[in-house]
Amino acid sequence: MPKSINLVHRDQSIFNIQIKTIPIPVDSNSTLVWDKRLSEIRGMSLPDDVVDLNVRTLTIKDDNAVFYQTTKRRVTLEVQKPYKDHVLSVVLEDSIGFESDMVHSLELIIQDYQPFISESVQDARGFCLGNGELVTIASRNELTRTVFDLRTFKLELSIDTQTVGGRKDTSPMEALAMLKDEAPDGIDLTVKTRKVAGLRGKEGKLLMNGDSTLMYLWYFPGEGYSNHKPQIEIRLIAPETAREEADVIWKTLLSSLITYPVPEEIRILNE
Numbered sequence: 456m457p458k459s460i461n462l463v464h465r466d467q468s469i470f471n472i473q474i475k476t477i478p479i480p481v482d483s484n485s486t487l488v489w490d491k492r493l494s495e496i497r498g499m500s501l502p503d504d505v506v507d508l509n510v511r512t513l514t515i516k517d518d519n520a521v522f523y524q525t526t527k528r529r530v531t532l533e534v535q536k537p538y539k540d541h542v543l544s545v546v547l548e549d550s551i552g553f554e555s556d557m558v559h560s561l562e563l564i565i566q567d568y569q570p571f572i573s574e575s576v577q578d579a580r581g582f583c584l585g586n587g588e589l590v591t592i593a594s595r596n597e598l599t600r601t602v603f604d605l606r607t608f609k610l611e612l613s614i615d616t617q618t619v620g621g622r623k624d625t626s627p628m629e630a631l632a633m634l635k636d637e638a639p640d641g642i643d644l645t646v647k648t649r650k651v652a653g654l655r656g657k658e659g660k661l662l663m664n665g666d667s668t669l670m671y672l673w674y675f676p677g678e679g680y681s682n683h684k685p686q687i688e689i690r691l692i693a694p695e696t697a698r699e700e701a702d703v704i705w706k707t708l709l710s711s712l713i714t715y716p717v718p719e720e721i722r723i724l725n726e
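For the record, in the sequence shown the residue sitting at position 116 is 571 according to my numbering, with numbers rising by one throughout.
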């Protein structure tokens with residue numbers, strides 16, 4: 456494994472809501488962070504079908520918030536909740552007319568956020584956001600994507616879980632197999648069974664884009680509609696020239712994953 460990896464990009468969503476934490480610079484404060492974001496919103500270029508962004512500021516339980524129109528029929532709501540050294544940023548886009556539902560959805564997310572007390576005190580049981588975590592019931596859609604910059608190449612990691620509702624019509628492995636059948640000369644695909652964190656899933660390695668890109672994939676289909684064993688998809692993308700290093704990183708990643716038992720109160724709530 457590389458001794459150091461630089462994080463260059465990270466995004467995550469839960470319930471289709473974009474969430475992140477923004478560190479507050481030493482020479483700044485949460486008010487200045489919010490003012491900067493408002494300035495960026497007001498300076499946005501108008502979409503083709505929008506005459507006015509219709510920027511409306513408000514407070515949601517004492518936290519700064521803003522509505523602005525992103526298309527003719529859709530509106531975006533952004534909220535920032537301040538903490539000692541960072542702010543929690545929560546963003547949701549939905550159809551015009553559902554503003555009250557949007558506010559309620561963001562209130563639920565914000566109330567489940569817990570900042571880390573310190574870097575050494577992290578129970579890692581929630582949906583990690585860098586400076587804190589969301590400790591909540593299992594959701595329909597949880598996705599985190601991270602891009603790392605190593606000394607010699609870039610690496611992209613994504614983890615996607617579907618913990619409530621139906622499964623995808625086609626599994627990633629089936630989709631890749633169909634892709635291979637359509638372009639047998641351009642894609643090299645290997646698939647095998649692999650147990651990760653006590654869950655037996657399918658592991659695949661795909662060589663694509665003219666043999667220049669490697670994609671590693673591990674997929675667990677989930678069991679029924681169980682929140683305890685959700686549908687899980689883990690992807691790692693790296694250049695083929697870094698195959699040896701990427702193989703080690705992928706193997707180390709999968710062997711490091713563990714599962715936590717679902718608390719009894721959440722089990723009851725979701726059954």
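Here a beta-carbon is modelled for each residue, glycine too, at the ideal position from N, C-alpha and C. Since the structure is predicted, the reported quantities are computational estimates derived from the model, not experimental observations.
Where the beta strand (DSSP E) through residue i begins and ends
i, result
"I614", "609-617"
"V505", "Element bounds for V505: n/a, residue is neither H nor E."
"K475", "472-478"
"G656", "654-663"
"V442", "Summary: the structure shown does not reach residue 442, with the chain confined to residues 456 through 726, and so no result is reported for it."
"P694", "686-694"
"K536", "529-537"
"G587", "587-589"
"I515", "511-515"
"S667", "Element bounds for S667: n/a, residue is neither H nor E."
"F522", "518-524"
"L547", "541-550"
Span separating the alpha-carbon of residue i from that of residue j
i, j, result
"V542", "Q473", "14 Å"
"I721", "T514", "Only weak support exists for where I721 lies, its pLDDT of 43 falling under 50; the value from the coordinates is given anyway. The straight-line gap from Cα to Cα measures roughly 30 Å."
"Q566", "H559", "11 Å"
"D556", "Q467", "21 Å"
"S710", "P502", "46 Å"
"L644", "L672", "11 Å"
"D615", "S494", "33 Å"
"L612", "M663", "17 Å"
"V646", "E548", "37 Å"
"L669", "E695", "5 Å"
"I477", "D504", "31 Å"
"S483", "R492", "13 Å"
"P480", "F470", "29 Å"
"A701", "E629", "23 Å"
"F582", "M499", "30 Å"
"E554", "T707", "44 Å"
"A652", "T601", "21 Å"
"F761", "W705", "Outside the displayed range of the chain (456 to 726) lies residue 761, so it cannot be described from this structure."
"I572", "T648", "39 Å"
"V506", "L584", "35 Å"
"E699", "S667", "14 Å"
"G656", "D490", "47 Å"
Option in the options with minimal Cα separation from residue i
i, options, result
"L654", "N586, Q524, L712", "L712"
"Q569", "L563, F553, L589", "L589"
"L598", "T668, T531, I687", "I687"
"K527", "W705, K536, S550, T486", "S550"
"L508", "S500, S710, Q524, P480", "Q524"
"R511", "E695, I477, R497", "R497"
"S544", "N519, K650, R606", "N519"
"L605", "K706, A693, Y674", "A693"
"I689", "V521, N484, S626", "S626"
"K516", "I564, L669, D482", "I564"
"N586", "G552, K536, K650, F470", "K536"
"K475", "R465, S483, D482, V481", "R465"
"T531", "V521, D540, K539, Y538", "V521"
"Y538", "G552, T648, T486, A652", "T486"
"G661", "R649, V651, L691", "Here the sequence assigns Leu to residue 661, which means Gly is not the residue at that position. Here the closest residue by C-alpha is L691."
"V703", "M499, L610, V488", "L610"
"T714", "K650, K657, K706", "K650"
"V488", "D540, R529, P685", "D540"
"Q617", "V506, T648, P685", "P685"
"G552", "F571, I572, R529", "R529"
Minimum Cβ-Cβ distance from residue i to chain B less than 8 Å
i, result
"L532", "No chain B appears in the structure shown, which is made up of a single protein chain."
Bounding residues of the alpha helix (DSSP H) (the contiguous stretch that carries residue i)
i, result
"E414", "No statement about residue 414 is possible, as the shown extent of the chain runs from 456 to 726 and does not include it."
"T486", "485-497"
"E562", "554-566"
Whole-number beta carbon distance between residue j and residue i, since they are thought to touch under 8 Å
i, j, result
"V546", "E533", "5 Å"
"F608", "A697", "4 Å"
"G677", "L631", "Contact doesn't hold; Cβ gap of about 18 Å is too wide."
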